[in-house]
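According to the working numbering, the residues represented by the sequence shown are 285 to 407, in order.
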Amino acid sequence: MAENLKGCSVCCKSSWNQLQDLCRLAKLSCPALGISKRNLYDFEVEYLCDYKKIREQEYYLVKWRGYPDSESTWEPRQNLKCVRILKQFHKDLERELLRRHHRSKPPRHLDPSLANYLVQKAK
Numbered sequence: 285m286a287e288n289l290k291g292c293s294v295c296c297k298s299s300w301n302q303l304q305d306l307c308r309l310a311k312l313s314c315p316a317l318g319i320s321k322r323n324l325y326d327f328e329v330e331y332l333c334d335y336k337k338i339r340e341q342e343y344y345l346v347k348w349r350g351y352p353d354s355e356s357t358w359e360p361r362q363n364l365k366c367v368r369i370l371k372q373f374h375k376d377l378e379r380e381l382l383r384r385h386h387r388s389k390p391p392r393h394l395d396p397s398l399a400n401y402l403v404q405k406a407k
């Protein structure tokens, strides 16, 4: 029977990103997917969930691509290289603050309803 299947192929139901995420979760390097020992621990920001400012240092609650919400972590601004996601987060935050409170400067801590709104926008 195997000889009848030569030359056959089946489309993968997982996307390229999903396969890369699976390799990282399993801590496997996979050259065909561009996952090497050097970049095995490079994580991709899926979206930003929350914001806080402590002693003039900005922190963001980061939802990591390929990981459940429970694995989200607070990261200082300088650790994040996702310029487009940061700009969109602040644009959405300022727009919603103006709508709710008629001001655009973010508070030191976001109230839960505002953080939830930003997560829904990001998804």
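From the three backbone atoms N, C-alpha and C, an ideal C-beta is built for every residue, glycine too.
Everything numeric in this text was worked out from a predicted model, so none of it was measured.
Quick check: the Cα distance between residue i and residue j, rounded to an integer number of angstroms?
| i | j | result |
| --- | --- | --- |
| Ile369 | Lys290 | 45 Å |
| Arg339 | Ser397 | 24 Å |
| Lys337 | Ala399 | 14 Å |
| Gln404 | Lys375 | 14 Å |
| Asp334 | Tyr344 | 6 Å |
Taking the alpha helix (DSSP H) that residue i belongs to, which residues open and close that run?
| i | result |
| --- | --- |
| Cys307 | Trp300 to Leu309 |
| Leu332 | First-last for Leu332: Val329 to Ile338, but that is the beta strand (DSSP E), not the alpha helix (DSSP H). |
Less than 6 Å between C-beta atoms, sequence neighbours within five positions excluded: which residues of the same chain meet that for residue i?
| i | result |
| --- | --- |
| Ala406 | Tyr331 |
| Cys366 | Val329 |
| Arg361 | Glu342 |
Is it the case that the Cβ atoms of residue i and residue j are separated by a distance below 7 Å?
| i | j | result |
| --- | --- | --- |
| Glu380 | Tyr401 | yes |
| Val346 | Glu355 | no |
| Gln302 | Leu317 | no |
Quick check on the DSSP output: the beta strand (DSSP E) that includes residue i runs from which residue to which?
| i | result |
| --- | --- |
| Glu342 | Gln341 to Trp348 |
| Glu359 | Thr357 to Pro360 |
Taking 8 Å as the limit between beta carbons, can you name the residues of its chain near residue i, skipping five residues before and five after?
| i | result |
| --- | --- |
| Ser313 | Cys307, Ile319, Ser320, Lys321 and Leu324 |
| Arg387 | Leu381 |
| His385 | none |
In its own chain, which residues sit with a C-beta less than 7 Å from the C-beta of residue i, not counting the 5 before and 5 after it?
| i | result |
| --- | --- |
| Lys311 | Leu324 |
Check whether chain D comes within 7 Å of residue i, counting only Cβ atoms and requiring the distance to be less than that.
| i | result |
| --- | --- |
| Gln304 | As a matter of chain content, chain D is missing from the structure shown, which is built from one protein chain. |
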